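Please read the structure below before turning to the comments.
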Amino acid sequence: HPLGIPIPHTAILPRKKERIGENLGKFVEQNFLAPNVVAEKIVAIDYAGPFGRWLAEPRQAGRIAAALVSFLPKLLGAFDQAQVRGFIKQQVLSFAGKIDVAPLAAQLLNSLTVNGRHQQLLTAVIGQLSILLDANKPTIREKVEREVWWILRKLAIDEKIYNKIVDAVEDYLREVRDAPDHPLRERFDASLAEFIVKLETSPEYREKGEAIKQQLLQSPALHGYLEGLWDDIRNYLTSDAARPDSVVGKRIESALIHLGSALARDQALHDRINQWLRELIVETVREHGHHAANFIADVVRRWDTDTVTQKIELEVGPDLQYIRINGTLIGGLVGVIIYSASLFF
C-alpha cells in the first residue's frame, strides 16, 4: 500500500493474479499465435533450401544415417513380434487373394514379347538344353544299350544308334538357336500369342488361374514362409546394423544425399516442401495455440502473490510509476482548469 495507507484499490495484483494469468495467456494466443499472424510471419522463410544444402553434404547425411541405423535394432525389438508376423502374413495373403491371375499373367507375357524378348528367352532355353544334353550323354548311351537287341550290341550297332540320336538332337538345337526364322520359333510366336489371348478372354483359363492361386494360398509351405519372413527381415537388419559398413546405412545415406540434392535442384519439390511445412506450422498453431495460453495461465496461477508482485514490479514498475505520476499530474491539471472555468462562468 502506498505510504502504508490501506487503500483497497491498490492491492490489485495479489487479488487479480488468476485473471492476470488468463488474460496474459489469451493476449499471447490472440496476438502472437493467431494463425493469420503466424502465416504472415513465416511466408517468406525458406526452410527447404538451407535444409537441402545441409542434407546434401555426405558428412551430415552419414551422421543421420548412422543415428538411424544405431536406433534400428531397438525399434525392431520394440514391436510385438507375433503381431508383426501375423500382420505381414495377413497383408500378403489379402493382397494376393485380390489378384486376378489370368489377366496378370497375360500382361506379363505381353511385356515379355516386347522387342522379341521371348525369342531371347527361347534361345537361352535352347542353350541350356544343349548343355543338359552334353552332360547326360553317358546316361543316354546306357539307355540305348539297354533298349536295343543284344545282337545289335554284339554288332556295335548300338553305338551308331546312340551317335545318330545325339547328333540329330544337337543339330536341331543348333539350327533353332542360329536361325531367327526357324519354323519352331514361328510356332512359338503363334502359340504364345494364342495363349495370351486365352488368358485375357477365356473364362476357363480364368478359373484355372483362380484355382492355382487358391491352391498356392492354402499351401502350408507358403504359410510357413510368410510366418518366418519377419524374423528373416529383422535378423538381417539387426546384423547389418552392427556392421561398420552397414548396407542399410549406406542406402539411407545415399537416399538422404539424393533428397538434399533434389531440394536444391528441383524447384517444384523445393516449393512443395516449403508450402507443406508452412501449412503444418499454421495448422499446429491453430490446433495447439490454446495450450500455450493455458500454460501461461497455469504458471502465473502457481506463483505466490509476492512472486507475482515482484516480477511485475521488477519488469514494469518504473513505467507504472511514470503512469501514476502522469495520471496524477494530468488529473490535477484538468481539475484546476475545470475549477477555474467554474469561477469565471
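Start counting at 1 in the sequence shown, then tack on 43, and there's your number in our numbering. Cβ atoms here follow ideal geometry from the backbone N, Cα and C, with glycine treated the same way. Small disclaimer: the values here were computed from a predicted structure and weren't measured.
Buried/exposed call for Y248, threshold 16 Cβ in 10 Å
buried
Got a sec, what are the start and stop residues for the alpha helix (DSSP H) I142 sits in?
No alpha helix (DSSP H) holds I142; DSSP gives it neither H nor E.
Excluding the 5 residues preceding and the 5 following L242 in the sequence, name in chain order all residues of the same chain whose CB lies nearer than 6 Å to its CB.
A145, A148, A149, Y248
Flag this pair as yes or no: are the beta carbons of F114 and L165 separated by less than 8 Å?
no
Whole-angstrom distance between Y90 and S304, CA atom to CA atom
14 Å
What are the boundary residues of the alpha helix (DSSP H) that N278 is part of?
263-284
Does the beta-carbon distance from I142 to W273 come in below 8 Å?
no
Supposed close pair V209, K251 - CB separation, criterion 8 Å:
Rounded, the Cβ-Cβ distance is 37 Å, inconsistent with contact.
Rounded to the nearest angstrom, how far is the Cβ of L299 from that of V291, given a contact under 8 Å?
The Cβ separation is near 13 Å, so there is no contact.
With burial defined as no fewer than 16 other Cβ atoms inside 10 Å of the residue's Cβ, what is the status of L259: buried or exposed?
exposed
For L155, which three-state DSSP category applies?
helix
Mind checking G296: buried by the 16 CB within 10 Å criterion, or exposed?
The identity of residue 296 in the sequence shown is Glu, whereas the question assumes Gly. E296 is buried by the Cβ-count criterion.
Rounding to the nearest angstrom, what Cα-Cα distance links E218 and G271 in this structure?
47 Å
Please classify W346: does DSSP put it in a helix, a strand, or coil?
coil
Of all the options L136, L172, D221, which has the alpha carbon lying nearest to the alpha carbon of P263?
L136
For L235 and A254, what's the separation of their Cα atoms in angstroms?
22 Å
By a C-beta neighbour count over all protein chains shown, 10 Å radius and 16 as the cutoff for buried, is V187 buried or exposed?
buried
For R62, does the count of other Cβ atoms within 10 angstroms reach 16, so buried, or fall short, so exposed?
exposed
For a minimum of 3 consecutive residues, which ranges assigned as the beta strand (DSSP E) are wholly contained in the stretch 51-121?
none
On the three-state DSSP scale, how would you describe A222?
coil
Give me the residue from Q134, L216, E185 with the minimum Cα distance to Q171.
L216
Under 8 Å between C-beta atoms of H313 and L306:
yes
Based on Cα-Cα distance, which residue from R228, V157, R220, K207 lies nearest to I174?
R220
If you draw a straight line from the alpha carbon of A110 to that of S282, how long is it in whole angstroms?
16 Å
Is it the case that the Cβ atoms of L76 and A335 are separated by a distance below 8 Å?
yes
Under 8 Å, do A82 and V325 count as touching if we go by C-beta distance?
yes
Taking 8 Å as the CB-CB limit, is S262 close to chain C?
Reference to chain C is not applicable here, since this structure consists of a single protein chain.
If you run the structure through DSSP and keep just helix, strand and coil, what is N337?
helix
L176 versus D224 - alpha carbon distance
24 Å
State the Cα-Cα distance for the pair H161 and S245, rounded to the nearest angstrom.
22 Å
Select from S289, R228, Q261, R128 the residue whose C-alpha is nearest the C-alpha of T156.
R228
Classify I339 as buried or exposed, calling it buried when 16 or more other Cβ atoms lie within 10 Å of its own Cβ.
buried
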